[in-house]
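S.K.: Listed in order, the protein sequences are those of chains A and B.
Position one of the first sequence corresponds to residue 85 (the working numbering), numbered consecutively onward.
Position one of the second sequence corresponds to residue 5 (the working numbering), numbered consecutively onward.
Got a structure for you, written out below as structure tokens; questions coming shortly.
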Amino acid sequence: MRFFRDLIAAFATVIVVLVLFEVGLRLAGVRYESSFYESDPVLYMALRPRAEGWEIKEGENFVRINSWGMRDEERSLVPAPGTLRVALLGDSMVAAEEVPLDKTMAKVLESKLSGHLGSPSAPVEVLNFGVGGFTLAQEYLMLENRVWQFRPDIVVLFLSPSSVPSCSKRLYPGNFPFFVVSNGDLVPDPATHPPAGSSPEARHEHALLGNLMNQIRLFQLVRKATQDGIPREIAQLSGSRRRTRNTNILNMWLHPPASPEQANAWQVADRILGLMAEGARDHGAEFWLSAIGPEVQDNPNATAREAFLQKERIKTFDYAENRLQSIANVHGIGFIALEHPLLEYAEHNHVSLRGFFNTRPNYGHWNENGNNAAATIVADKLIEYHSHSEPSVRAAHKLEHVRTNDGS
Amino acid sequence: MRFLSIEYLCLLGLVALSIRISPPRWRSAILLIASYLFYCTWNSWMAVALFAATVLCFLTALRLERMRDKNTASLFTCFVVSTLVVVLMFFKIRPLFCTTCNFIIPLGLSYYTFRLISYVVDVYWAKYRASENFTDFAAYVAFFPQMIAGPIQRESSFLPQLRESAVQGGTIEGPMRMALGFAKKSIVADNLGLFVGWGYGHLHSGSLLPALVAIVLYPVQLYMDFSGLVDIAIGSGLILGIDAPENFNAPFSAKSITEFWRRWHMTLTGWLRDYVFMPLRMLTRDWGETGLALSLTANMLLIALWHGISLGFVVYGLFHSLFLITETLTASRRKSFYAANLLADKGSAILGPFYVFSVVAVGSVFFRAPSLTAAAQTFSSLGSGIRSIGKDFWSLLAPPNHHAWVAFPAVVLLTIADACRRRFGFRLPALAPRYVRWSAYSGVAAMWILIAFMLMATEKGADPFVYALF
Numbered sequence: 085m086r087f088f089r090d091l092i093a094a095f096a097t098v099i100v101v102l103v104l105f106e107v108g109l110r111l112a113g114v115r116y117e118s119s120f121y122e123s124d125p126v127l128y129m130a131l132r133p134r135a136e137g138w139e140i141k142e143g144e145n146f147v148r149i150n151s152w153g154m155r156d157e158e159r160s161l162v163p164a165p166g167t168l169r170v171a172l173l174g175d176s177m178v179a180a181e182e183v184p185l186d187k188t189m190a191k192v193l194e195s196k197l198s199g200h201l202g203s204p205s206a207p208v209e210v211l212n213f214g215v216g217g218f219t220l221a222q223e224y225l226m227l228e229n230r231v232w233q234f235r236p237d238i239v240v241l242f243l244s245p246s247s248v249p250s251c252s253k254r255l256y257p258g259n260f261p262f263f264v265v266s267n268g269d270l271v272p273d274p275a276t277h278p279p280a281g282s283s284p285e286a287r288h289e290h291a292l293l294g295n296l297m298n299q300i301r302l303f304q305l306v307r308k309a310t311q312d313g314i315p316r317e318i319a320q321l322s323g324s325r326r327r328t329r330n331t332n333i334l335n336m337w338l339h340p341p342a343s344p345e346q347a348n349a350w351q352v353a354d355r356i357l358g359l360m361a362e363g364a365r366d367h368g369a370e371f372w373l374s375a376i377g378p379e380v381q382d383n384p385n386a387t388a389r390e391a392f393l394q395k396e397r398i399k400t401f402d403y404a405e406n407r408l409q410s411i412a413n414v415h416g417i418g419f420i421a422l423e424h425p426l427l428e429y430a431e432h433n434h435v436s437l438r439g440f441f442n443t444r445p446n447y448g449h450w451n452e453n454g455n456n457a458a459a460t461i462v463a464d465k466l467i468e469y470h471s472h473s474e475p476s477v478r479a480a481h482k483l484e485h486v487r488t489n490d491g492s
Numbered sequence: 005m006r007f008l009s010i011e012y013l014c015l016l017g018l019v020a021l022s023i024r025i026s027p028p029r030w031r032s033a034i035l036l037i038a039s040y041l042f043y044c045t046w047n048s049w050m051a052v053a054l055f056a057a058t059v060l061c062f063l064t065a066l067r068l069e070r071m072r073d074k075n076t077a078s079l080f081t082c083f084v085v086s087t088l089v090v091v092l093m094f095f096k097i098r099p100l101f102c103t104t105c106n107f108i109i110p111l112g113l114s115y116y117t118f119r120l121i122s123y124v125v126d127v128y129w130a131k132y133r134a135s136e137n138f139t140d141f142a143a144y145v146a147f148f149p150q151m152i153a154g155p156i157q158r159e160s161s162f163l164p165q166l167r168e169s170a171v172q173g174g175t176i177e178g179p180m181r182m183a184l185g186f187a188k189k190s191i192v193a194d195n196l197g198l199f200v201g202w203g204y205g206h207l208h209s210g211s212l213l214p215a216l217v218a219i220v221l222y223p224v225q226l227y228m229d230f231s232g233l234v235d236i237a238i239g240s241g242l243i244l245g246i247d248a249p250e251n252f253n254a255p256f257s258a259k260s261i262t263e264f265w266r267r268w269h270m271t272l273t274g275w276l277r278d279y280v281f282m283p284l285r286m287l288t289r290d291w292g293e294t295g296l297a298l299s300l301t302a303n304m305l306l307i308a309l310w311h312g313i314s315l316g317f318v319v320y321g322l323f324h325s326l327f328l329i330t331e332t333l334t335a336s337r338r339k340s341f342y343a344a345n346l347l348a349d350k351g352s353a354i355l356g357p358f359y360v361f362s363v364v365a366v367g368s369v370f371f372r373a374p375s376l377t378a379a380a381q382t383f384s385s386l387g388s389g390i391r392s393i394g395k396d397f398w399s400l401l402a403p404p405n406h407h408a409w410v411a412f413p414a415v416v417l418l419t420i421a422d423a424c425r426r427r428f429g430f431r432l433p434a435l436a437p438r439y440v441r442w443s444a445y446s447g448v449a450a451m452w453i454l455i456a457f458m459l460m461a462t463e464k465g466a467d468p469f470v471y472a473l474f
């Protein structure tokens, strides 16, 4: 009996220590990254609906995922009559988890477009389908499986330096969906499979656990230490270096393909963009493409840019952007050149578009300035293009298209 | 290998386990191997230099004991001590002549040099018998928990502990003391460091707030940083069965600067008192008050210059010696005055700590500011007025400082915890019931597992300790 009493006392002490630590961490403002993701049978990975927590790697921001799994406010599936809906697709640059929701490119774009293309009876909604770490194939699958049900009028896809390499399993290894060209057709790579844990039951369990983890600092601490800390310590002890995909990513953005694998990745990317454009035409939506370059490209520090160009032995950063523009032209996709205007914006306003208080300046994801600048550039382009069409005409056109597709 | 790292905790745990399960005669060998292993993670060649200095002093002490001729012994001692001092000075002065050179300063050079000098001099003065066991002596010189920032433990208190038949306690007291140090460093010192950094970075902002923040908070940051480092060192020592002398005794509760220096970095000031001040005082005893003032100034200048050779440290030393001399020379008159005026005595007891903190805060500007010009700029910023104080206040609390306010309640809590430790200790009563022992062990284990997780979760590691640079 005394043994159990002593054991309970010891257990209670441990609980007290844990509670004190949790309280201490909260009071001290110590935060660890939250989990926003879940496995998905189609996309392989997606934002977990209703997940919420802190993004602390760059800046410090509270992120809330809506019930559709979007880094956005709650949206209705069916838009109100007359609504102009714009869907943004892309990776973490579009998801913009580093900045408050109202400062994201999507929300700033919504407010800018509302002033020019919208009216009280015909509002503009910009839906953010960006997901951190998404590959081009995932963006295509997202468009096909999730975006069209929201009936967007305009889809803007933002490609980043990793988008093209991510079309090749060898250049961008990881558990992602891949497509291959087989007998002239683009087909899913039969060798890739959705990750374990993408069944509804497993996702439900994962969501419960993830949400609990996002609420309790100690769980976040243990996860951070075991997922990042222990591998890092082991790597330091063994003297090994983490392998990165960065070489392929930058090389392919700046230089023409240097290997058959890189050429193949461009070919697959071309085909995927073609399919996306075709899908947009089928759904009566405009499809726009834009390219976000590496951080050095919009660095207002001319010396840093020049040094980078010299190191890479290139004259401009424009290889990928030019090639993507050509692909867009071939498929009849509108193209929004982003990088030169972004740099002009940064230089003109003397601001850094990337970097937060806890990161190097001009490094990583867009900060509020970057999101604002990108939204301004995209808005200008869309407003210029749409300035001749009236909202009522657009709504009528869309209704007609939906009726045709529904056969009604 | 840093103090606040998983590697250090693993090494400490492994050594603690080894010395508990191995025969007592192996203890010094285990400590010696672990200490050199720790040292080699910084620089293997410097470990060779440490070994060479250890061998030199070990043999010197043995030789001194056998010397009959006093003059030869004196010359021999002078030669060895001078060699050690020259090496120390060489590394301290070298940055002055080559500001761009990227050279390595041996880890803990001052600390092991002080230990070696005191050992040789004590043997020469016949205060202590030369150790005949090289392993014991080498383990004392290189004892890894005290290598980064002391405390400077004398051989007379260290070596006997190595020879005890069993490791005494330390399983609760050691980890608790380390946790206290970890909290002082990571919750208070690092956060106050953000404010102080902000202060020195915003001196031209237009209000007096940055200068005020920099001047007032730096002594607290420095104390929490240094005493945290020493807590970790003492706690580590306790886990390894070595009880080290205290280095701080609530220095900001002192009522005079003289008392402050008896409570701050006590092992260094004690060492300098025994091996510098007292011999100097003996030499100048015929010069009366002038001799006393000279000895105090020389001693204080040495303390200051130990941190680094710069004009800032010279001014820091002179500034403190001014107060020390004034207080020493007026001590008897003040004593009789306070004896006659009880109210003034009580008032001085209350106001004393404020006076001490103010002097230390002003003096620490010379310690912290990168140059005398910067120090002057800090003081002149105090006259900037309060026009933009509101703007500065919000800038002070803006990221990355937005969570740093936690340092203020933490200072209070940790000061109370430290006072409780001094009064009651963290040691478990010898006859504590089993549930108390189990609770204490499991609580401490849980706490350290969480601290280890925190260290692993921090990508950049903790900020370096201020005093680890000296």
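Positions of the beta carbon are idealized from the N, C-alpha and C atoms, including for glycine.
What you are looking at is a predicted structure, and each value in this text was computed from that prediction instead of being measured.
From the DSSP secondary-structure annotation, give me the bridge partner or partners of A:F146.
M.R.: Beta-bridge pairing links A:F146 to A:W138.
S.K.: Looking at the C-beta of B:I176, does it have a partner C-beta in chain A at a distance below 8 Å?
M.R.: No - not a single Cβ of chain A is within 8 Å of the one on B:I176.
S.K.: Which of helix, strand or coil does DSSP assign to B:L386?
M.R.: Coil.
S.K.: Is there a Cβ from chain B that is less than 8 Å from the Cβ of A:N406?
M.R.: Cβ-Cβ to chain B under 8 Å: no for A:N406.
S.K.: Applying a beta-carbon distance threshold of less than 7 Å, which residues of chain C neighbour A:I314?
M.R.: Annotation note: the requested chain C is absent from the structure, which comprises protein chains A and B.
S.K.: Below 8 Å between beta carbons: does that hold for A:S151 and A:R134?
M.R.: Taking 8 Å as the Cβ cut-off, A:S151 and A:R134 qualify as a contacting pair.
S.K.: Is A:A112 close to chain B, meaning its C-beta is less than 8 Å from at least one C-beta of that chain?
M.R.: A:A112 counts as touching chain B.
S.K.: Once the 5 residues before and after A:V435 are set aside, which same chain residues still bring their CB inside 6 Å of it?
M.R.: Result list for A:V435: N453, in chain order.
S.K.: Consult DSSP for A:P272 and reduce its assignment to one of helix, strand or coil.
M.R.: Of the three classes helix, strand and coil, the one that applies to A:P272 here is strand, per DSSP.
S.K.: Using Cβ-Cβ distances below 8 Å, what residues of the segment 368-392 of chain B are close to chain A?
M.R.: Listed by position, the residues of the segment 368-392 of chain B near chain A (Cβ gap below 8 Å) amount to none.
S.K.: Figure out for me which residue from B:T294, B:S32 and B:D73 has the closest Cα to the Cα of B:F138.
M.R.: Comparing Cα-Cα distances from B:F138 to each of B:T294, B:S32 and B:D73, the minimum goes to B:S32.
S.K.: What does the alpha-carbon distance come out to for the pair A:Y256 and A:L334?
M.R.: Those two C-alpha atoms are separated by around 12 Å.
S.K.: Tell me whether B:A414 sits in a helix, a strand or coil according to DSSP, three-state version.
M.R.: B:A414 falls in the helix class under three-state DSSP.
S.K.: Going straight from the alpha carbon of A:L359 to that of A:H367, what length do you get?
M.R.: Taking the straight line from one Cα to the other gives about 12 Å.
S.K.: Of the residues A:A130, A:R438 and A:A375, which one's Cα is nearest the Cα of A:H424?
M.R.: Of A:A130, A:R438 and A:A375, the residue nearest in Cα terms is A:A375.
S.K.: Let me know the secondary structure DSSP gives A:D237 once reduced to three states.
M.R.: In this structure, A:D237 counts as coil in the three-state DSSP scheme.
S.K.: Entirely within the segment 144-216 of chain A and at least 4 residues each: give me those alpha helix (DSSP H) ranges in chain order.
M.R.: List check, alpha helix (DSSP H) in window: 176-179 and 189-201.
S.K.: For B:A183, count the other beta carbons within 10 Å of its own beta carbon; 16 or more makes it buried, fewer makes it exposed. Which is it?
M.R.: When all chains shown are included, B:A183 counts as buried.
S.K.: Give a yes or no on contact between the segment 221-232 of chain A and the segment 168-181 of chain A, applying the rule of three or more CB pairs nearer than 8 Å.
M.R.: These segments touch.
S.K.: Check this for me: beta carbons of B:F199 and B:V217, under 8 Å apart or not?
M.R.: Result yes, Cβ atoms of B:F199 and B:V217 sit closer than 8 Å.
S.K.: Just by C-beta distance, which residues in the segment 430-442 of chain B are closer than 7 Å to chain A?
M.R.: Flagged, chain order: R438, Y439 and W442.
S.K.: Which chain B residues are close to A:Y116, counting only those with a beta carbon under 9 Å from its beta carbon?
M.R.: Neighbours of A:Y116 on chain B, chain order: A461.
S.K.: Based on DSSP bridge pairs, tell me the residues matched to A:L243.
M.R.: Paired residues: A:A375.
S.K.: Can you list the residues of chain A that B:A450 reaches, using a CB-CB cut of under 8 Å?
M.R.: The contacting residues are T97, V98, V101 and L102.
S.K.: Determine contact between the segment 378-395 of chain A and the segment 347-365 of chain A, defined as no fewer than three beta-carbon pairs at a distance below 8 Å.
M.R.: Contact fails: fewer than three Cβ-Cβ distances are below 8 Å.
S.K.: Are there 16 or more other CB atoms within 10 angstroms of the CB of B:S190, so buried, or fewer, so exposed?
M.R.: By the 10 Å Cβ count, B:S190 comes out buried.
S.K.: State buried or exposed for A:T400, treating a residue as buried only when at least 16 other CB atoms are found within 10 Å of its CB.
M.R.: Exposed is the call here.
S.K.: Quickly, what does DSSP pair A:E122 with across the bridge? List them, please.
M.R.: Answer is A:A130, bridged to A:E122.
S.K.: Run through the segment 314-365 of chain B for me and flag every whole alpha helix (DSSP H) of 4 or more residues, listed as ranges in chain order.
M.R.: Taking only runs of at least 4 residues, the alpha helix (DSSP H) segments lying wholly in the segment 314-365 of chain B are 315-333 and 335-344.
S.K.: Please state whether DSSP places B:I156 in a helix, a strand or coil.
M.R.: Coil.
S.K.: Give a yes or no on whether the C-beta atoms belonging to A:L211 and A:P184 are separated by under 8 Å.
M.R.: Contact flag unset, no.
S.K.: What would DSSP say about B:F147, mapped onto helix, strand or coil?
M.R.: If DSSP states are grouped into helix, strand and coil, B:F147 belongs with coil.
S.K.: Under 7 Å between beta-carbons, which chain B residues line up against A:F441? List them in chain order, please.
M.R.: Correct list: P403 and P404.
S.K.: Taking 8 Å as the threshold (C-beta atoms), are B:Y123 and B:L54 in contact?
M.R.: No. Outside cutoff.
S.K.: Look at the alpha carbon of A:R110 and the alpha carbon of A:E142, and state the distance between them as a whole number of angstroms.
M.R.: If you take the alpha carbons of A:R110 and A:E142, they lie about 19 Å apart.
S.K.: By how many angstroms is the C-alpha of B:A38 removed from the C-alpha of B:A4?
M.R.: Since the first residue of chain B shown is 5 and the last is 474, residue 4 of chain B is not available in this structure.
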